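See structure below.
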Amino acid sequence: MNEPNLLLMLVVLIGFCLVAFFITLEALFGELVGGITRSAKEKPGKAFWVGLVNTVFLIAIAMGLMSLAEISVFGLVLAVPGFAVGIFVAAGIVFGLAGMVRLTAGLVFPGKEGWKSQASGAGVLILACLVPYIGWFGLFPYLSLRGFGAFILHLMELYRANRIKKQEASLA
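8 is the number of the first residue of the sequence shown in the working numbering; add one for each residue after it.
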C-alpha cells in the first residue's frame with residue numbers, strides 16, 4: 008500500500024474518531040455543553056476575547072511554573088500546579104469545541120436532533136478546519152478561543168448562581 012492511501016485512511020479514521028468523541032461529550036456532559044453553547048451564542052465577541060485573554064494568561068502561568076520547576080530545588084511542587092493549569096486549559100478548549108460543534112449543528116442543520124445533529128455539526132467543523140491555512144490558522148484557533156471563552160463564561164455563571172443560592176439559604 009502506498010503512502011498517500013495510508014495517509015488518507017488515517018485522516019478519515021481520525022475524522023470519525025473526532026465525530027464519535029464529540030458525540031460522547033454531548034452524551035455525557037450535555038448540560039455543560041448546552042451552557043457553553045448558550046454562552047457562545049449569546050455573547051460571541053465576549054466569549055472570543057475572554058478565551059484569548061485567559062488562554063494567554065493561563066499558558067504563561069503554566070510555562071512559568073514549569074520553567075521554575077526545572078531550575079528549582081522544589082521542582083515537583085512547582086510542576087504540579089503548572090501541569091494542572093495546562094490540563095484546565097486543554098479541558099476547557101475541548102469542552103468549548105464541543106459547544107461550538109453543538110452551536111454549528113443547530114445553525115447549519117436546524118431540523119436534525121440528537122446524535123445525528125452532533126455528527127453532522129462535528130463533520131462540518133472538522134472539514135472546515137482542514138482547509139489549508141485559513142482553516143488551520145484562522146478558523147480552528149477562532150473556534151477554540153471562542154469555545155474556551157464560552158466555557159469560562161459558563162463557569163462564572165454557575166459560580167454566581169451557586170453563590171446566590173448559598174446566600175438565599177443562609178438568609179432563610
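Every residue, glycine too, gets a C-beta built ideally from N, C-alpha and C. Being a predicted model, the structure only gives us computed values, none of them experimental.
Each residue's CA atom was taken as its position, placing L75 and L85 some 7 angstroms apart. Under the three-state reduction of DSSP, N169 is assigned to helix.
Nearest C-alpha to L104 among F158, V19 and L35: F158. For G58 and F147, the gap between their C-alpha atoms comes out near 13 angstroms. Taken through DSSP and simplified to helix, strand or coil, K119 comes out as coil.
Distances from the CA of V115 to each of A135, P139 and E33 were compared; the closest alpha carbon is that of A135. Annotation: W122 to A176 spans about 39 angstroms, alpha carbon to alpha carbon.
The C-beta distance from F95 to L65 rounds to 7 angstroms, short enough to meet the 8 angstroms contact threshold.
Straight-line measurement puts the Cα of K48 at about 10 angstroms from the Cα of T111.
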